[in-house]
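Contents: one structure, followed by commentary.
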Amino acid sequence: MYEGHVVGKSFKGVADYAIVPPLGTTFSQTASEVVTYFWLEDCHNQEELVPVMYYHQPITVDQDKKQPSQGCVMAISSYCGVESDFYCVPGFIE
932 MYEGHVVGKS
942 FKGVADYAIV
952 PPLGTTFSQT
962 ASEVVTYFWL
972 EDCHNQEELV
982 PVMYYHQPIT
992 VDQDKKQPSQ
1002 GCVMAISSYC
1012 GVESDFYCVP
1022 GFIE
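Using this note's numbering, the first residue of the sequence shown is number 932, and each one after it goes up by one.
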């Protein structure tokens, strides 16, 4: 089993991972990888550090748009687990 450490705001080094919400956030620390809690959930479920996939990364959304997926038609099938959750992030897809 892997162990990790949570670092505080005063941490001056480079963290291995910064875990952020699916729609991202701003932070002042530096990290080698910026991932969402979907990555953390996959690691927990598989009991190992998993490679970072596209659905583990935060979604970049123009904050000026109230409905970023307006005008888009999406058909989603055969996705499961956190990959499916990635496509259903509130505020991104209505």
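Positions of the beta carbon are idealized from the N, C-alpha and C atoms, including for glycine. None of these values were measured; they are calculated from a predicted model.
First and last residue of the uninterrupted beta strand (DSSP E) at residue i
{"i": "residue 1013", "result": "Element bounds for residue 1013: not the beta strand (DSSP E) but the alpha helix (DSSP H), 1012-1017."}
Own chain partners of residue i with C-beta closer than 6 Å, once the 5 adjacent residues on each side are dropped
{"i": "residue 955", "result": "989"}
{"i": "residue 964", "result": "948 and 983"}
Residue interval of the alpha helix (DSSP H) (run including residue i)
{"i": "residue 972", "result": "968-977"}
Bridge partners - residue i, DSSP secondary structure assignment
{"i": "residue 945", "result": "961"}
{"i": "residue 951", "result": "967"}
Cβ neighbours of residue i in the same chain (closer than 8 Å, five flanking residues each side left out)
{"i": "residue 958", "result": "949 and 951"}
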